[in-house]
Amino acid sequence: MEQKNTYEVHEIEKKWQKHWEKNRSFVAKDGDSRPRFYALEMFPYPSGNLHMGHVRNYTLGDVVARYQRMNGKNVLHPIGWDAFGLPAENAAIKNKVHPEKWTRQNIAVMREQLKALGISYDWEREFATCDEAYYKWNQWFFIKFFEKGWVYKKKASVNWCPSCLTVLANEQVSASGQCWRCDSVVQPKELEQWFIRITDFAEELLKGHELLKGKWPEEVLTMQQYWIGRSDGAEVHFSIEGRQDKLTVFTTRPDTLFGATFMAIAPEHPLAKELAAKVGKSAELDTLVKGQRERKRQRQEADEKAGFFLGVNAINPIHQKPVPIWVADYVLMDYGTGAIMAVPAHDQRDFEFATKYKIPVIEVIGDPAKPVAKFDKAMEADGVMMNSGEFNGTPSSDGKRKVGEWLKAKSQGKPTVTFKLRDWLVSRQRYWGTPIPMINCSRCGLVPVPEKELPVKLPTDVEFTGQGQSPLALSASFVNVKCPKCKGQAKRETDTMDTFVDSSWYYSRFCDSKNSTAPFDPVKANWLPVNQYIGGIEHACMHLIYSRFWHKAMKRLGLVSCDEPFDRLLAQGMVTLGGSAMSKSRGNVVDPNAIISKFGADTARMFILFAAPPTKQLEWSDAGVEGSWRFLNRVWRLINDTVAKSKPQGTLSEEQQKSLKRKTHWAIQKVTNDYGIEIQINTAIAAVMELVNELYLYPALGDATSKEAVRAVVQLLSPVAPHLMEDLWGILGEKGLCSESSWPKADPAWLVSDTVEIVIQINGKLRSRLQMAPGSSKDVLEREALADEKVKSFLAGKSVVKAIVVPDKLVNLVIK
RNA sequence: GGACUGGUGGCGGAAUGGCAUACGCGUACGGCUCAGGACCGUAUUCCGAAAGGAUUGCGGGUUCAAGUCCCGCCCAGUCCACCA
Numbered sequence: 000m001e002q003k004n005t006y007e008v009h010e011i012e013k014k015w016q017k018h019w020e021k022n023r024s025f026v027a028k029d030g031d032s033r034p035r036f037y038a039l040e041m042f043p044y045p046s047g048n049l050h051m052g053h054v055r056n057y058t059l060g061d062v063v064a065r066y067q068r069m070n071g072k073n074v075l076h077p078i079g080w081d082a083f084g085l086p087a088e089n090a091a092i093k094n095k096v097h098p099e100k101w102t103r104q105n106i107a108v109m110r111e112q113l114k115a116l117g118i119s120y121d122w123e124r125e126f127a128t129c130d131e132a133y134y135k136w137n138q139w140f141f142i143k144f145f146e147k148g149w150v151y152k153k154k155a156s157v158n159w160c161p162s163c164l165t166v167l168a169n170e171q172v173s174a175s176g177q178c179w180r181c182d183s184v185v186q187p188k189e190l191e192q193w194f195i196r197i198t199d200f201a202e203e204l205l206k207g208h209e210l211l212k213g214k215w216p217e218e219v220l221t222m223q224q225y226w227i228g229r230s231d232g233a234e235v236h237f238s239i240e241g242r243q244d245k246l247t248v249f250t251t252r253p254d255t256l257f258g259a260t261f262m263a264i265a266p267e268h269p270l271a272k273e274l275a276a277k278v279g280k281s282a283e284l285d286t287l288v289k290g291q292r293e294r295k296r297q298r299q300e301a302d303e304k305a306g307f308f309l310g311v312n313a314i315n316p317i318h319q320k321p322v323p324i325w326v327a328d329y330v331l332m333d334y335g336t337g338a339i340m341a342v343p344a345h346d347q348r349d350f351e352f353a354t355k356y357k358i359p360v361i362e363v364i365g366d367p368a369k370p371v372a373k374f375d376k377a378m379e380a381d382g383v384m385m386n387s388g389e390f391n392g393t394p395s396s397d398g399k400r401k402v403g404e405w406l407k408a409k410s411q412g413k414p415t416v417t418f419k420l421r422d423w424l425v426s427r428q429r430y431w432g433t434p435i436p437m438i439n440c441s442r443c444g445l446v447p448v449p450e451k452e453l454p455v456k457l458p459t460d461v462e463f464t465g466q467g468q469s470p471l472a473l474s475a476s477f478v479n480v481k482c483p484k485c486k487g488q489a490k491r492e493t494d495t496m497d498t499f500v501d502s503s504w505y506y507s508r509f510c511d512s513k514n515s516t517a518p519f520d521p522v523k524a525n526w527l528p529v530n531q532y533i534g535g536i537e538h539a540c541m542h543l544i545y546s547r548f549w550h551k552a553m554k555r556l557g558l559v560s561c562d563e564p565f566d567r568l569l570a571q572g573m574v575t576l577g578g579s580a581m582s583k584s585r586g587n588v589v590d591p592n593a594i595i596s597k598f599g600a601d602t603a604r605m606f607i608l609f610a611a612p613p614t615k616q617l618e619w620s621d622a623g624v625e626g627s628w629r630f631l632n633r634v635w636r637l638i639n640d641t642v643a644k645s646k647p648q649g650t651l652s653e654e655q656q657k658s659l660k661r662k663t664h665w666a667i668q669k670v671t672n673d674y675g676i677e678i679q680i681n682t683a684i685a686a687v688m689e690l691v692n693e694l695y696l697y698p699a700l701g702d703a704t705s706k707e708a709v710r711a712v713v714q715l716l717s718p719v720a721p722h723l724m725e726d727l728w729g730i731l732g733e734k735g736l737c738s739e740s741s742w743p744k745a746d747p748a749w750l751v752s753d754t755v756e757i758v759i760q761i762n763g764k765l766r767s768r769l770q771m772a773p774g775s776s777k778d779v780l781e782r783e784a785l786a787d788e789k790v791k792s793f794l795a796g797k798s799v800v801k802a803i804v805v806p807d808k809l810v811n812l813v814i815k
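All the letters of the first sequence, read from the start, carry residue numbers 0 to 815 under numbering that gives the first Met the number 0.
This is how it looks when you write it as structure tokens:
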């Protein structure tokens, strides 16, 4: 009979998956005395199928979870579904399937795929954000935020398709500004929208970075810092000739106030509209507004700046001289005050505008002894104030502060701080999301739905035509309600919430996912913060800022006690094929199912962990997958051979035993560090490979040293290839589950060796090596080095100028 | 235009300022085989017969010693993009 040389992968994987489930091996236990560990991966959008990016994400998280479990931690490793969103609604319009049906079907498929991968989830805590039991709490939070004044309503611009008569999400507008369905040119339209006052938390979000330094990738913190965009400067009030109101600007350079030669206001500024009408240039203004929006939407490179004089002067408070007010298309309405004082000498954008329209340039920062004759570009660096009256001679850095103080003293402005972060627009004119739990009453205004009436459920009598405003508005039974305050006829809010709301607090729901009286029990939330969070870098700004904000809001509400939701963050790299991200449109997708059915989950997991460091881009390679498959079989044969030779077949020499022992403990040490501290799974696997290679060198397996080594191999690989290792654990005759066994400990005695190799360098170049006892003194090392034959030959006719000796490492002889 | 990350053999990648190229893929050779694209082993950065020399995108610098630190440049990827 032919001996099999590959293992029965599918049989083994199924067997252990069933066993773990029956045994409830991965269920997190509340009220357990062991130290807690919360491992979390960003939950998936149920798009239909798992892709390789998911496999990488969830496998990485699983190694962390399984490793911590074997280290005696009570591990929470949950999974759920980020289930609301546009694709479900698009599918509904195209295929006449209800979004919920489409979503639930996808979840069912993907759940099975995750189970087939053997990810050690606590499935008992699973939920989808489209569950009424979950989105009820989105609504509850919304109302709490409303009561706190963190939620408000104001007009904002949306994408409007004039042919479909519907609001479009940004993703539904093509790069050239056309509707995804009818190709009509999309127009901006002003609608009442809901906002969350995240800007109130800007300072706190920035401050939180202190806690995250060293635990989050520097890259992500930098991106967030830029996104939040704190600028220190001053507000300056300019009076306007012939008017009572003032024009307030924000500047980071109050020290240049004397050099403001014109005011520039945003085309969308209310004053621009009024003044443009007076000078008969409303049409020109409209062109500026449209051009600006167009560029913003298409992320176009800024071309030549444009604008015009609005016919009125402002008065510079610092010297009372008139300054013309212009409208300019490079000024943004939604940053600062929507108006600037333009200082062409010291700001490049102002300079370009001034040059084009022949506006004077006055140098106010520089060297008074050597004034610039003619500017060919703005001088933006700091310097000394000049042409600035009483402030002449003041360095800019002091000037910024002093002018701010002067303005404050004269009530003409004050030092102030501005952020780039905007309030979060959370309303969507969509069906498949959480209904906003508010009621519009003509007498009482905006009234929250009473808590006992939550959740406001999504209506089911809605047709998905893709037309009209919000699909919810099509349900009469949904819209028409009684006002909770005055009991009069009122109308329900028909917008739904941005799906980023769902993902902003889901991690805390996992602490208590079945709670029906609160989003979660604050006591059970002692799992927080998430110890290790893992996900794609693409969420560096949006999701990771929103959830940090939400967490801080929950803290203010007394629901959580820690400051940050995620203690350590790992931003995993993309999975690519042919150098670019896998995508259907590129046709370079590798289906995880195909890999699993050919080689099994363990091979798929191992390859994806081994092929690249977790944070780097991973290039898919079929040959590499086979390499992982071969390695696992190599381990399988090794263990079977060891067991077959349960009676020692000869013995290892003392040297071999020592060497194997050292390799074993070195590998334990290396893997422990790589799983638990660095999360460098690729090098951990390489270390186990080295140990396996050494085991293959020795013919006589079955002795105690070999058994210890083999046992370590199985445990060290268990987080990576859990199914096979579980099976081999049994074959080794071990009791219980490998996934529940105690992580092996490296014995420090075996981490040092009898001799160390000392590298001998001459002028920094490697010339020889010595075997020495560890801890040999510098003198001994130097003497031995000089006595070395090879060294002598290099020394002939030269003299040693200097000798650098690094104990247990090297001797470097500098010769002349 | 700006910010960030990276650039190491034929390929994926290793390397607390101290032996560059661990581990894997591929390739070659040998063993085992009826056979093998299975398995076991050996070799494998480049030049050179060897001694030896060169080598971590390019150019400089610091250091006894640089892939690693500093300065300038080139290239690739990601994100942001008129933020006063």
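For every residue, glycine included, the Cβ atom is placed at its ideal position computed from N, Cα and C.
Suppose the cutoff is 7 angstroms on Cβ atoms and the five residues either side in sequence are ignored; what does the same chain contact list for Lys815 look like? To locate residue 815, count along the first sequence from 1; it is residue 816. Contacts found: Lys797, Ser798 and Val800.
Reference Gly310; option with closest CA among Gly60, Lys17 and Lys272: In the first sequence, the residue the question calls residue 310 occupies position 311. Considering only alpha carbons, the answer is Lys272.
Tell me whether His236 sits in a helix, a strand or coil according to DSSP, three-state version. In the first sequence, the residue the question calls residue 236 occupies position 237. Three-state result, His236: strand.
Using the Cβ count rule (16 or more neighbours within 10 Å means buried), how would you classify Glu40? Taking the first sequence and counting its residues from 1, the one referred to as residue 40 is at position 41. It is buried - the Cβ of Glu40 has at least 16 other Cβ atoms within 10 Å.
At the level of alpha carbons, what is the spacing between Gln2 and Trp635? On the first sequence, position 3 is the one that residue 2 refers to. On the first sequence, position 636 is the one that residue 635 refers to. Reliability fails at Gln2, whose pLDDT of 44 lies under 50, so the model's placement of it is uncertain and the value that follows must be treated cautiously. Distance between the alpha carbons of Gln2 and Trp635: 13 angstroms.
Could you check what DSSP says for Ile803 in three-state terms: helix, strand or coil? Numbered from its first residue, the first sequence carries residue 803 at position 804. Reduced to three states, the DSSP call for Ile803 is strand.
With a cut-off of 8 angstroms, do at least 3 Cβ pairs link the region 758-774 to the region 31-46? Touching, no.
Cα-Cα separation between Asn73 and Ser741, rounded to whole angstroms: As a first step, residue 73 must be located in the first sequence, where it is residue number 74. As a first step, residue 741 must be located in the first sequence, where it is residue number 742. Each residue's alpha carbon lies about 13 angstroms from the other.
Under the rule that 16 or more other beta-carbon atoms within 10 Å means buried, what is His318, buried or exposed? Locating residue 318 in the first sequence gives position 319, where the first residue counts as 1. That one is exposed.
Judging by CA-CA distance, which residue of Pro483, Ala259 and Lys355 is the nearest neighbour of Val342? Taking the first residue of the first sequence as position 1, residue 342 is located at position 343. If we check each option's Cα against that of Val342, Ala259 comes out closest.
Does the separation of the CB atoms of Gly572 and Pro612 fall below 9 angstroms? In the first sequence, counting from the first residue as 1, residue 572 sits at position 573. In the first sequence, counting from the first residue as 1, residue 612 sits at position 613. Yes. Within cutoff.
Tell me whether Lys245 sits in a helix, a strand or coil according to DSSP, three-state version. In the first sequence, counting from the first residue as 1, residue 245 sits at position 246. Collapsing the DSSP output to three states places Lys245 in a strand.
Say whether the region 236-247 touches the region 426-436, bearing in mind that this needs 3 or more beta-carbon pairs closer than 8 angstroms, one atom from each stretch. Short answer: they don't touch.
Would DSSP call Val712 helix, strand or coil? Taking the first residue of the first sequence as 1, we reach residue 712 at position 713. Correct three-state label for Val712: helix.
Less than 9 angstroms separating the beta-carbons of Ile106 and Thr58? Here residue 106 corresponds to residue number 107 of the first sequence, with the count starting at 1. Here residue 58 corresponds to residue number 59 of the first sequence, with the count starting at 1. Taking the C-beta atoms as reference points, Thr58 is found no nearer than 9 angstroms to Ile106.
Nearest candidate by alpha-carbon position, reference Glu303, set Ile314, Pro458, Phe352 and Val157: Locating residue 303 in the first sequence gives position 304, where the first residue counts as 1. Of Ile314, Pro458, Phe352 and Val157, the residue nearest in Cα terms is Phe352.
Can you tell me the Cα-Cα spacing of Leu651 and Val709, whole angstroms? Taking the first sequence and counting its residues from 1, one reaches residue 651 at position 652. Taking the first sequence and counting its residues from 1, one reaches residue 709 at position 710. Our two residues, Leu651 and Val709, have alpha carbons roughly 15 angstroms apart in a direct line.
Just to confirm, is the Cβ distance from Val810 to Ala772 under 9 angstroms? The residue given as residue 810 occupies position 811 in the first sequence. The residue given as residue 772 occupies position 773 in the first sequence. Contact check for Val810 against Ala772 fails: the beta carbons are separated by 9 angstroms or more.
By Cβ distance below 8 angstroms, which residues in the same chain neighbour Gly675 in space, the five residues on each side in sequence not counted? As a position in the first sequence, residue 675 is number 676, starting the count at 1. Once the five neighbours on either side are set aside, the close Cβ partners of Gly675 are Tyr66, Gln67 and Asn70.
Asn4: buried (16+ other C-beta within 10 angstroms of its C-beta) or exposed? Within the first sequence, numbered from 1, the residue matching residue 4 stands at position 5. Label assigned to Asn4: exposed.
Which partner residues of Gly365 appear in the DSSP bridge assignment? In the first sequence, counting from the first residue as 1, residue 365 sits at position 366. DSSP, once it has assigned bridges, lists Val383 as partnering Gly365.
Reduced DSSP category for Val779 - H, G, I as helix; E, B as strand; rest coil: Here residue 779 refers to the residue found at position 780 when the first sequence is read from its first residue. It is helical.
Leaving aside the five residues before and after Met0 along the sequence, list all residues of the same chain whose C-beta is less than 7 angstroms from its C-beta, in chain order. Reading the first sequence from its first residue, position 1 is the one you call residue 0. Reliability of the predicted coordinates at Met0 is poor, the pLDDT of 26 falling under 50, and no value is obtained from them.
Using the Cα positions of Gln177 and Val326, report the straight-line distance between them to the nearest angstrom. In the first sequence, the residue the question calls residue 177 occupies position 178. In the first sequence, the residue the question calls residue 326 occupies position 327. Rounded to the nearest whole angstrom, the CA to CA distance from Gln177 to Val326 is 29 angstroms.
Figure out for me which residue from Trp215, His208, Pro216 and His236 has the closest Cα to the Cα of Gln224. As a first step, residue 224 must be located in the first sequence, where it is residue number 225. Of the candidates Trp215, His208, Pro216 and His236, the one whose C-alpha sits nearest the C-alpha of Gln224 is His208.
What are the boundary residues of the beta strand (DSSP E) that Asp566 is part of? Here residue 566 corresponds to residue number 567 of the first sequence, with the count starting at 1. That run of the beta strand (DSSP E) goes Phe565 to Gln571.
Between the Cα of Ala472 and those of Val157, Ala748 and Pro458, spot the shortest distance and give me the residue it belongs to. Your numbering for residue 472 matches position 473 in the first sequence. Of all alpha-carbon atoms in Val157, Ala748 and Pro458, the one lying nearest the alpha-carbon of Ala472 is that of Pro458.
List the endpoints of the continuous beta strand (DSSP E) containing Pro323. Taking the first residue of the first sequence as 1, we reach residue 323 at position 324. Pro321 to Ala327 is the span of the beta strand (DSSP E), which, as asked, contains Pro323.
Reducing DSSP to helix, strand and coil, say where Glu1 ends up. As a first step, residue 1 must be located in the first sequence, where it is residue number 2. Residue placement at Glu1 is flagged as unreliable, the pLDDT there being 35, under the threshold of 50; the coordinate-derived value follows with that caveat. Under the three-state reduction of DSSP output, Glu1 falls in the coil class, being neither helix nor strand.
To the nearest angstrom, how far is it from the Cα of Ser474 to the Cα of Arg491? Here residue 474 is taken as the residue at index 475 of the first sequence, counted from 1. Here residue 491 is taken as the residue at index 492 of the first sequence, counted from 1. Roughly 11 angstroms between the two C-alpha positions.
Which of the three DSSP states is assigned to Glu262 in this structure? Taking the first residue of the first sequence as position 1, residue 262 is located at position 263. Glu is not the amino acid found at residue 262; the sequence shown has Met there. In the structure shown, Met262 sits in a strand (DSSP, three-state: E or B).
At a cut of 8 angstroms, does the region 584-596 reach the region 20-29 through at least three beta carbon pairs? Look at the beta carbons and you see the region 584-596 not touching the region 20-29: under three pairs across the two are nearer than 8 angstroms.
Quick one: give me the first and last residue of the alpha helix (DSSP H) that Thr602 is part of. Within the first sequence, numbered from 1, the residue matching residue 602 stands at position 603. For Thr602, the enclosing alpha helix (DSSP H) begins and ends at Ala600 to Phe609.
If you draw a straight line from the alpha carbon of Leu568 to that of Lys212, how long is it in whole angstroms? Working through the first sequence from its first residue, we reach residue 568 at position 569. Working through the first sequence from its first residue, we reach residue 212 at position 213. A direct Cα-Cα distance of roughly 11 angstroms separates Leu568 from Lys212.
Within 8 angstroms, do at least three Cβ pairs link the region 433-443 to the region 493-508? Yes, they touch.
Rounded to whole angstroms, what is the Cα-Cα separation between Pro216 and Ala91? On the first sequence, position 217 is the one that residue 216 refers to. On the first sequence, position 92 is the one that residue 91 refers to. Rounded to the nearest whole angstrom, the C-alpha separation of Pro216 and Ala91 is 39 angstroms.
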